[in-house]
Structures are given as structure tokens and as C-alpha cells.
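Working notes, structure below.
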Amino acid sequence: MSVLSMLFQDFAARLCSTEFLQEALHAGHPMAFSRCRKLPLGTLVAIMLTGMRMSIQAELDTFFAHLRQQAQLVHEVSEQAFAQARAKLSLTAIPGLNDWLIKRAETDGFVPRWRGLRLVAADASTVRSGCGPAM
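Right, here's the structure in full:
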């Protein structure tokens, strides 16, 4: 198995781990994501990381169609269910997951260095995280 495949496999395991669950819970919802639902924590975060460019319902239907490997859209989760689940997610969950991924990528040698500094490029593009307002 390649190092990159292992990184993705470990990232998927991280999304489903109890450690990430504890970091991702909103303080006001300590029991969130504890029952088996149609939108567990790992799935919620995966949807948010897709870069959502269409309406929320269209994104949800497309995401679940891809999961089932179907060309036809699948209406499994409503926009309201997504909004309720997202409200139970800590504001630090996605940035914390990003930090974990960067640290792991650095350990595996995927982050290039120049004179000991991490190489980063930026432009004036608008970045959207999940469904929130543009940054």
C-alpha cells in the first residue's frame, strides 16, 4: 500500500475515531453523534469538505448518490437534518482536523520545504468552508 493511500485511510479512521468525536462536539450538545443516525459525524464532515457549490439539498443528494455509486440522485438526508447536525459541530472541529492532516502529511514527507520553511502559495480567491459565508 502506498504512503498516500495509508494517509487517506488514516484520515478516514480519524473521522470515525472517539478522539475526534470528543474534539468535534459542540459544548452545548455533549450527547450529539452518539446514536446511529443517517448523518453520523464522519459523514457530516465529509460532506462539508466537498466544497459545496450547489444548493445544500442538491449537494446532499449528490453526495449520497456517490456513496451508493448511483448515477441517480439519492434523497437520504434533508437540508434541515444537515443544518441541525452542523449546529452540533464545534467551531474548532474542521480546523483541528486540518491541523492533524497537515502534521501527518509533514510526517509522511508530503509537505515540501525550502530552507526549512513550509512552501505555501496564496492568491486572492474566495475560500468557502462548508456552507458558511465566504471568507
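Read in order, the letters of the sequence shown are residues -11 to 123 in the numbering used here.
Think of the CB as a built atom: it goes at the ideal place given N, C-alpha and C, for glycine as much as any other residue.
Nothing here was measured: the structure is a model prediction, and the numbers come from that model.
Quick test of your reading: residue i and residue j, contact by CB under 8 Å. State the CB separation rounded to the nearest angstrom.
i, j, result
"Glu7", "Gly84", "With a Cβ gap of about 10 Å, Glu7 and Gly84 do not count as contacting."
"Asp(-2)", "Arg92", "7 Å"
"Ile35", "Glu67", "The Cβ separation is near 11 Å, so there is no contact."
Thinking C-beta only, is residue j closer than 8 Å to residue i?
i, j, result
"Ala73", "Leu27", "yes"
"Phe52", "Val62", "yes"
"Leu13", "Gly30", "no"
"Val(-9)", "Asp96", "yes"
"Val65", "Leu48", "yes"
"Phe(-4)", "Leu9", "no"
What do you get for residue i, buried or exposed, if any count of 16 or more other CB atoms within 10 angstroms of its CB means buried?
i, result
"Ala15", "exposed"
"Ala81", "buried"
Exercise. What runs of the alpha helix (DSSP H), each 4 residues or longer, lie entirely inside the region -10 to 70?
Worked result: Runs found: -9 to 3, 6 to 12, 29 to 36 and 44 to 55.
For this session: Scan the region 74 to 111 and note each continuous alpha helix (DSSP H) run of 4 residues or more that stays entirely inside, going in chain order.
Result: The region 74 to 111 contains these whole alpha helix (DSSP H) runs: 81 to 95.
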